[in-house]
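Trainee: Note that our numbering has the sequence shown beginning at 6, numbered continuously upward. Supplied in structure tokens, the structure appears directly below.
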Amino acid sequence: MSQAARQALHARWSDIDAAAMRRGRRLKWTHHDGDVLPCWVAEMDFPIADAIREALIEQIEVDGVGYPPLPIDPRLREAFVQRQQARYGWTVDPGAVYSLVNVLQGVDSQILLHSEPGEGVVLLTPIYGPFHQAVDGAGRLRIESRLVARRSMDPSGAPALHHEIDFDDLERRLDSAPRPPRLLLLSHPHNPSGRVFTRAELERLAELAERFRLVVVSDEIWADLTLHRDEERSPHLPFASLAPEIAARTVTLSSATKAFNIAGLTVAVAVFGSPELKRRQRTLPPHLIGHSGPLDSAAAITAWTDPRCETWLGAARSYLRENRELALGLLAEELPAARATTPEGSYLMWLDCRALELGEEPFDFFLREARVAFSDGREFAARDDDAGRGHVRLNLATSALLLEQILRRCGAAVRRRR
């Protein structure tokens, strides 16, 4: 990507302010009162790529919005298969790719297919809140193994905080479960910590999955938003790509919606790594699983295949890297007692606010006193668990101007309390 193209996009994004965002009707900017700065729901404040906008208009004008090819638009399937091969070196059988409305539909359906009421489903917490809701709503039990926060160094040599899987704890929980669990839900890259798990971590997790005969549902919706530089190969490794025997127990869920900021469109795919996993999927009532519409598919196909979208994505990654460094610097200045992850993938930063000694949950304090809306950490783990309590999740995908206003407000609110 040319430096000029990147700078042009960055200049457009840097002009984004609260007044402009409030003129729209997005959930992020309408859910709270008008004086609140939102940094919660996982979508970007940036305009979508021009190529996607043009594809949506063309779909309406040329082909309309009638029924799409079923069960999946073959162009969507091919776009996904080619992208996985080119970007991650993962060879996907086109016949294993199924259409979904969204990734959570895939999570819900696999819980129903691979567990029974009262059985446990394994989660690595903190983890995306709707995973908890999906397990609870299906009448299953959560088996939560807490990730461990460790100090490390980022690629530039600066101190960083990242989360690791506690394999000893995970194994103990699998061994001691009253009924052997059959399903593990993996967020990879991880939401909310932003971790991109290494090959060594994934291989060890795969060993446990084989030993305990677990089906792994790997939500890889953030894969295209790893914060590597353009000249570097993406650090994301699809879980199913580790080995054929691992693929055979893996259902991979993916979508273009997060990386290309089209979260309101209903388009996702599931990859079933074995004939048995596909057979089980086909036992669901035929209309329980929806399909992507023509506009949704057109946007995703364009996102995955149009070079202009790759230019847009490269600019987004570089802007998010800059925002990550800006946030870390502002946190050191404004909230030095808070501990923040350095996200490797996604635009999500997990903040441990317990040392601020606010006397209440940080979500409540900052919403009331700073008029800033984070994601509440309690949504990402059991509400009485320190994996989520005392934490908030910060969305970095806004203008540098708004990000600075958000964190300056938070610092001022804490200082007023003293």
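Don't be surprised by glycine CBs; every beta carbon is placed ideally from N, CA and C.
(1) In whole angstroms, give me the CA-to-CA distance for A387 and G134.
(2) Can you grab the Cα-Cα spacing for the pair V67 / E59, in whole Å?
(3) Please work out which residues of its chain come closer than 7 Å, Cβ to Cβ, to T307, disregarding the five sequence neighbours upstream and downstream, and give them in chain order.
(4) With distances taken from CA atoms, which of H168, R151, E149 and L247 is nearest S157?
(5) Give the DSSP-derived three-state secondary structure of T255 in the structure shown.
(6) Have a look at V41, L14 and N107 and flag the residue whose alpha-carbon is nearest the alpha-carbon of A305.
(7) Count the CB pairs spanning the region 318-331 and the region 85-92 that are closer than 8 Å, and state whether there are at least three.
(8) Are G416 and L356 close, meaning C-beta to C-beta below 9 Å?
(9) May I have the straight-line CA-CA distance separating I294 from I132, to the nearest angstrom?
(10) Give the single residue among H241, S260 and A9 whose Cα lies nearest to the Cα of A268.
(11) For the 8 Å Cβ check, are there 3 or more pairs between the region 238-258 and the region 120-132?
(12) State the beta-bridge partners of Y103 as determined by DSSP.
(13) Identify the residues that DSSP records as bridge partners of T130: which are they?
(14) What did DSSP end up calling G39 once you bin it into helix, strand or coil?
(15) From the DSSP secondary-structure annotation, give me the bridge partner or partners of V220.
(16) Just checking my contact of V276 with L189 at CB under 8 Å: how many whole Å lie between their CB atoms?
(17) Residue ranges of each alpha helix (DSSP H) run of no fewer than 4 residues wholly in the region 56-98, ordered along the chain?
(18) Count the other C-beta atoms from every protein chain shown that fall within 10 angstroms of the C-beta of Q90, then say buried if there are 16 or more, exposed otherwise.
(19) Report the option in R394, D390 and R423 whose CA atom is closest to the CA atom of E374.
(20) Could you give the distance in angstroms between the alpha-carbon of D20 and the alpha-carbon of R234?
(21) Using 8 Å as the threshold, is the region 371-385 in touch with the region 38-48, meaning 3 or more CB pairs across them?
(22) To the nearest angstrom, how far is the alpha carbon of E349 from that of L258?
(23) If distances are taken between C-alpha atoms only, which option among R398, A392, D229 and A101 comes closest to D285?
(24) Under the rule that 16 or more other beta-carbon atoms within 10 Å means buried, what is Q115, buried or exposed?
Mentor: Taking the coordinates as given:
(1) Residue 387 sits at position 382 when you count from the first residue of the sequence shown. Residue 134 sits at position 129 when you count from the first residue of the sequence shown. Spanning the two alpha carbons is a distance of roughly 10 Å.
(2) Taking the sequence shown and counting its residues from 1, one reaches residue 67 at position 62. Taking the sequence shown and counting its residues from 1, one reaches residue 59 at position 54. Whole-angstrom Cα-Cα distance: 12 Å.
(3) Position 302 of the sequence shown, counted from the first residue, corresponds to residue 307. For T307, where only same-chain residues beyond five positions count, the Cβ hits under 7 Å are A56, I57, A60 and C314.
(4) Working through the sequence shown from its first residue, we reach residue 157 at position 152. Nearest option by C-alpha distance: H168.
(5) The residue given as residue 255 occupies position 250 in the sequence shown. Strand.
(6) The sequence position of residue 305 within the sequence shown is 300, counting from 1. Comparing Cα positions, the closest option is N107.
(7) no
(8) Working through the sequence shown from its first residue, we reach residue 416 at position 411. Working through the sequence shown from its first residue, we reach residue 356 at position 351. Not a contact, by the Cβ cut-off of 9 Å.
(9) As a working mapping, residue 294 is identified with position 289 in the sequence shown. As a working mapping, residue 132 is identified with position 127 in the sequence shown. So the two alpha carbons sit approximately 24 Å from each other.
(10) As a first step, residue 268 is located in the sequence shown; it is residue number 263 there, counting from the start. Ranking H241, S260 and A9 by Cα distance to A268 puts S260 first.
(11) no
(12) In the sequence shown, residue 103 corresponds to position 98, counting from 1. Partner(s): A275.
(13) Here residue 130 refers to the residue found at position 125 of the sequence shown. Bridge partners of T130: R151.
(14) Sequence index remark: in the sequence shown, residue 39 carries index 34 (1-based). In this structure, G39 counts as coil in the three-state DSSP scheme.
(15) Here residue 220 is taken as the residue at index 215 of the sequence shown, counted from 1. According to DSSP, V220 bridges with L188.
(16) Taking the sequence shown and counting its residues from 1, the one referred to as residue 276 is at position 271. Taking the sequence shown and counting its residues from 1, the one referred to as residue 189 is at position 184. In fact, because the Cβ distance is near 16 Å, the residues do not count as touching under 8 Å.
(17) 79-93
(18) Stepping through the sequence shown from its first residue, residue 90 is reached at position 85. It is exposed - the Cβ of Q90 has fewer than 16 other Cβ atoms within 10 Å.
(19) The residue you call residue 374 lines up with position 369 of the sequence shown. For E374, the nearest C-alpha among the options comes from R423.
(20) Working through the sequence shown from its first residue, we reach residue 20 at position 15. Working through the sequence shown from its first residue, we reach residue 234 at position 229. For D20 and R234, the distance between alpha carbons rounds to 24 Å.
(21) yes
(22) The sequence position of residue 349 within the sequence shown is 344, counting from 1. The sequence position of residue 258 within the sequence shown is 253, counting from 1. Distance between the alpha carbons of E349 and L258 is about 20 Å.
(23) Within the sequence shown, residue 285 is the residue found at index 280, counting from 1. As written in the sequence, residue 285 is Arg, which differs from the Asp given in the question. Looking at the Cα atoms, A101 is the closest of the given residues.
(24) The residue labelled residue 115 in the question sits at position 110 within the sequence shown. Q115 should be labelled buried.
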